[in-house]
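Student: Residue 23 is where the sequence shown starts when you use this note's numbering, and the numbers rise one by one after that.
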Amino acid sequence: MNAPYLPFTRPSIDEPTIAAVADVLRSGWITSGPKVREFEAQLSKLFSGRPVRVMNSATAALEVALAIAGIGAGDEVITTPLSWVATANVVLRAGARPVFVDIDPQTRNIDLQQVSSAITERTRAILPVDLAGLPVDRDWLYGIAQRRGLRVIEDAAQSMGANWGGRQIGSFGDLVSISFHANKNLTTAEGGCLVMNNDAEARLCELHRLQGVERFADGGMDATLAGGKFNLTDIAAAIGLGQLPHLQAFTARRHALVRLYFAHFDRAAGCVLPVADFKHSNWHMFQVLLPEDIERGAFIARMHELGFGVGVHYPAMHLFTLFRRLGFKDGDFPQAERVGRGLVTLPLFPAMHDEDVARVCAAVTAVIHQLRSRS
C-alpha cells in the first residue's frame, strides 16, 4: 500500500482550538473584538511587553510599518531580492524605491557586508528578511542602522519562535512584522502582526489599520489619515490563541525533524544544504539547493509523482517584470539568481513522522539519479 501524499507543510490545529472557533461563531461577534485584544495581549507578553497590533497579513504589517517610519516618495529602502515579492511591493506602494543587495550564499539572507555600500543620501530604512526562519545577524544589522541613522523594518514573516542571542525575535529591535499565514510556524489561517516601540506608534498603527478613523464617546468620528482595511477577525485570533501554547513544542519538533534531515541526507547527490543553525533558527522551512545540472521543474514533478510536495521559496524577484521596469536585470545579483533558480523547500511540519524524513531523503536521491541518467 502506498504511503499518503506528504505536503511540504500542513498546519497543526487541535480540537480545543476548533471548538474555540466554533464558540466565536456562536457568539455573534466574528470580526475584530475581544479575541483580537486577548491575542494582542498574549503576543505582547511573548515579546517582552512591547506593543503589538494584529492585522490580516504580514504584508499589511509591513505596509503600516513603512508608513509609521515615514517612508515615502523619493526614499530608498535596502532589502534582499530573495524573498516573497511582498517585501519589495510594499516599498513601491509607499512611493519609495527598493534597493536590492545580494545575498550571502550560505545563510541565503541579505549580505550585510554589502549593505553599507548601497546606502545613499536617499536611504531611509533597511528591510531585512529572515529566510526560512534563520535570523539575519541582528547585532551587525542594528550596528549599521545606528551608525547611519536608519530605521529597521524587519520582515520577520517566517521568524515566529526564532531568536537572536537568546532573545525572541520581536522582543527587541525596531519595527517587526511577523506572519501567521497558513504555512507559518504559528497560524491564524491568514494574518500577521506588527511589533512596535511605543504607544504612539501603536496608536498610529491602529489608524492605518482601519481607515484612519477615530471614534468619540458622543458617537462622532473623524478620519485623520488615509488608512487601509487591515484588521484581523476574532475567528482568526481564536486560532492564534489556540496555537500560542504549542509554539515551543512546534519549534522543538521542527528542530528534531531537521536533525533527521541532516542525518539522512545523501551528500553525494550534490545538493547544498542550509546552514545547520540550531541556536537561532526556528526551522520554518528546510530548503536545499539543487545541483546546477538538475532542472527544478522536472525534479518537482517527479517528487510529486512519488507522493511528496515540494515548494519554491523564492525566485530572485528583481528578475520579475515589475522590477525589470525599474532597471534591474540578469546578472545584477548573481548569488540570489543562482539560489533562486535551484532552491526547493522539502516537507517540514510538526505532525510529520520521523520515517517521513527518511522517505523524503531517499526520494530526493533517487530522483536526482534518475534525472541525471536521462540527460
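We put the beta carbon where it would ideally sit given N, CA and C, even for glycine.
Whose C-beta lies closer than 6 angstroms to the C-beta of Gly55 among residues of the same chain, with five residues either side of it excluded?
Tutor: For the purposes of this step, residue 55 is identified with residue 33 of the sequence shown, where counting begins at 1. Once the five neighbours on either side are set aside, the close Cβ partners of Gly55 are Asp256.
Student: The beta strand (DSSP E) that contains Ile100, what's its start and end?
Tutor: In the sequence shown, the residue the question calls residue 100 occupies position 78. Unbroken beta strand (DSSP E) run through Ile100: Glu98 to Thr101.
Student: I believe Phe330 touches Ala385 by the beta-carbon criterion, under 8 angstroms. Please report the beta-carbon distance rounded to the nearest angstrom.
Tutor: Working through the sequence shown from its first residue, we reach residue 330 at position 308. Working through the sequence shown from its first residue, we reach residue 385 at position 363. Yes, they are in contact, since the Cβ atoms of Phe330 and Ala385 sit about 6 angstroms apart, within 8 angstroms.
Student: Closest to Leu156 by C-alpha separation, out of Gly364, Val297 and Met374, would be which residue?
Tutor: What you label residue 156 is simply residue 134 of the sequence shown in a count that begins at 1. Nearest Cα to Leu156 within the set Gly364, Val297 and Met374: Val297.
Student: List, from N- to C-terminal side, the beta strand (DSSP E) runs of 3 residues or more that fit wholly inside the segment 50 to 129.
Tutor: 74 to 77, 98 to 101 and 119 to 122
Student: Going by Cα to Cα distance, which pick from Ile200, His230 and Asp221 is closest to Glu212?
Tutor: Taking the first residue of the sequence shown as 1, we reach residue 212 at position 190. Of the candidates Ile200, His230 and Asp221, the one whose C-alpha sits nearest the C-alpha of Glu212 is Ile200.
Student: My output table needs one value for Glu143: the three-state DSSP class, helix, strand or coil.
Tutor: Here the question's residue 143 lines up with position 121 in the sequence shown. Coil, per DSSP.
Student: List the endpoints of the continuous beta strand (DSSP E) containing Ser199.
Tutor: Locating residue 199 in the sequence shown gives position 177, counting from the first residue. Following the DSSP letters along the chain, one finds Ser199 inside the beta strand (DSSP E) bounded by residues Leu197 to Ser201.
Student: Quick one: residues in its chain with C-beta nearer than 7 angstroms to the C-beta of Tyr336, no 5 flanking neighbours on either side, listed in chain order?
Tutor: Reading the sequence shown from its first residue, position 314 is the one you call residue 336. Within the same chain, Tyr336 has close Cβ partners Leu104, Ser105, Trp106 and Gly362.
Student: Pull up the CB-CB distance for Ile416 and Thr209, whole angstroms please, since I reckon it's below 8 angstroms.
Tutor: This structure cannot speak to residue 416, because the chain is shown only from 23 to 397.
Student: In chain order, what are the residue ranges of uninterrupted beta strand (DSSP E) at least 3 long that sit wholly in the segment 302 to 351?
Tutor: 308 to 311
Student: So what does DSSP say about Asp256, is it helix, strand or coil?
Tutor: Locating residue 256 in the sequence shown gives position 234, where the first residue counts as 1. Residue state, collapsed to three classes: helix.
Student: Going by C-alpha to C-alpha distance, which of Gln265, Gly92 and Asp45 sits closest to Pro33?
Tutor: As a first step, residue 33 must be located in the sequence shown, where it is residue number 11. That would be Gln265, whose Cα lies nearest to the Cα of Pro33.
Student: Are Asp124 and Gln309 touching if we call contact CB-CB under 7 angstroms?
Tutor: Residue 124 sits at position 102 when you count from the first residue of the sequence shown. Residue 309 sits at position 287 when you count from the first residue of the sequence shown. Against a cut-off of 7 angstroms, the Cβ pair of Gln309 and Asp124 comes out as no contact.
Student: How far does the alpha helix (DSSP H) with Glu228 in it extend, from its first residue to its last?
Tutor: Residue 228 sits at position 206 when you count from the first residue of the sequence shown. It spans Asp221 to Arg231 - the alpha helix (DSSP H) in which Glu228 sits, taken as one unbroken run.
Student: Using the C-alpha atoms, what's the distance from Met325 back to Ala380?
Tutor: Position 358 of the sequence shown, counted from the first residue, corresponds to residue 380. Position 303 of the sequence shown, counted from the first residue, corresponds to residue 325. Taking the CA atoms as reference points, Ala380 sits about 14 angstroms from Met325.
Student: Decide if the segment 64 to 84 is in contact with the segment 191 to 206; the criterion is three or more beta carbon pairs, one per stretch, under 8 angstroms apart.
Tutor: yes
Student: In whole angstroms, what separates the C-alpha of Thr102 from that of Leu163?
Tutor: As a working mapping, residue 102 is identified with position 80 in the sequence shown. As a working mapping, residue 163 is identified with position 141 in the sequence shown. Looking at the two C-alpha atoms, the distance is approximately 13 angstroms.
Student: Please determine if the segment 76 to 92 and the segment 226 to 243 are in contact, where contact requires at least 3 C-beta pairs separated by less than 8 angstroms.
Tutor: yes
Student: What does the alpha-carbon distance come out to for the pair His306 and Ile390?
Tutor: Translated into positions along the sequence shown, residue 306 becomes position 284. Translated into positions along the sequence shown, residue 390 becomes position 368. If you draw a straight line from the Cα of His306 to the Cα of Ile390, it comes to about 24 angstroms.
Student: Quick check: the Cα distance between Leu328 and Glu317, rounded to an integer number of angstroms?
Tutor: Taking the first residue of the sequence shown as 1, we reach residue 328 at position 306. Taking the first residue of the sequence shown as 1, we reach residue 317 at position 295. For Leu328 and Glu317, the distance between alpha carbons rounds to 17 angstroms.
Student: At what residues does the beta strand (DSSP E) containing Leu266 begin and finish?
Tutor: For the purposes of this step, residue 266 is taken as residue 244 along the sequence shown, with counting starting at 1. Note, Leu266: premise wrong, no beta strand (DSSP E); not H, not E.
Student: Label Gln180 either buried or exposed according to how many other C-beta atoms from any shown protein chain fall within 10 Å of its C-beta, with 16 as the threshold for buried.
Tutor: Residue mapping note: residue 180 aligns to position 158 of the sequence shown, counting from 1. So Gln180 ends up on the buried side.
Student: When the Cα atoms are used, what is the spatial distance from Trp186 to Pro127?
Tutor: For the purposes of this step, residue 186 is taken as the residue at position 164 of the sequence shown. For the purposes of this step, residue 127 is taken as the residue at position 105 of the sequence shown. Whole-angstrom Cα-Cα distance: 20 angstroms.
Student: What did DSSP end up calling Arg289 once you bin it into helix, strand or coil?
Tutor: By one-based count along the sequence shown, residue 289 stands at place 267. Reduced to three states, the DSSP call for Arg289 is helix.
Student: To the nearest angstrom, how far is it from the Cα of Leu295 to the Cα of Leu247?
Tutor: As a position in the sequence shown, residue 295 is number 273, starting the count at 1. As a position in the sequence shown, residue 247 is number 225, starting the count at 1. Their backbone Cα atoms lie some 47 angstroms apart in a straight line.
Student: Is DSSP giving Val235 helix, strand or coil here?
Tutor: Working through the sequence shown from its first residue, we reach residue 235 at position 213. Three-state result, Val235: strand.
Student: Per DSSP, which one or two residues make a beta bridge with Gln190?
Tutor: For this step, residue 190 is matched to residue 168 along the sequence shown. Asn185.
Student: For Met243, which beta-bridge partners are listed by DSSP?
Tutor: Residue 243 sits at position 221 when you count from the first residue of the sequence shown. The partner list for Met243 (beta bridge, DSSP) reads Arg237.
Student: How is Arg32 classed by DSSP in three states: helix, strand or coil?
Tutor: Position 10 of the sequence shown, counted from the first residue, corresponds to residue 32. Correct three-state label for Arg32: coil.
Student: Using three-state DSSP, classify Thr209 as helix, strand or coil.
Tutor: Translated into the one-based positions of the sequence shown, residue 209 becomes position 187. Thr209: coil per DSSP, three-state reduction.
Student: Between which two residues does the alpha helix (DSSP H) holding Gly362 run?
Tutor: In the sequence shown, the residue the question calls residue 362 occupies position 340. Taken as a continuous stretch (DSSP letters only), the alpha helix (DSSP H) holding Gly362 covers Pro356 to Gly364.
Student: What first and last residue would you give for the alpha helix (DSSP H) that runs through Ile166?
Tutor: Locating residue 166 in the sequence shown gives position 144, where the first residue counts as 1. Taken as a continuous stretch (DSSP letters only), the alpha helix (DSSP H) holding Ile166 covers Arg160 to Arg170.
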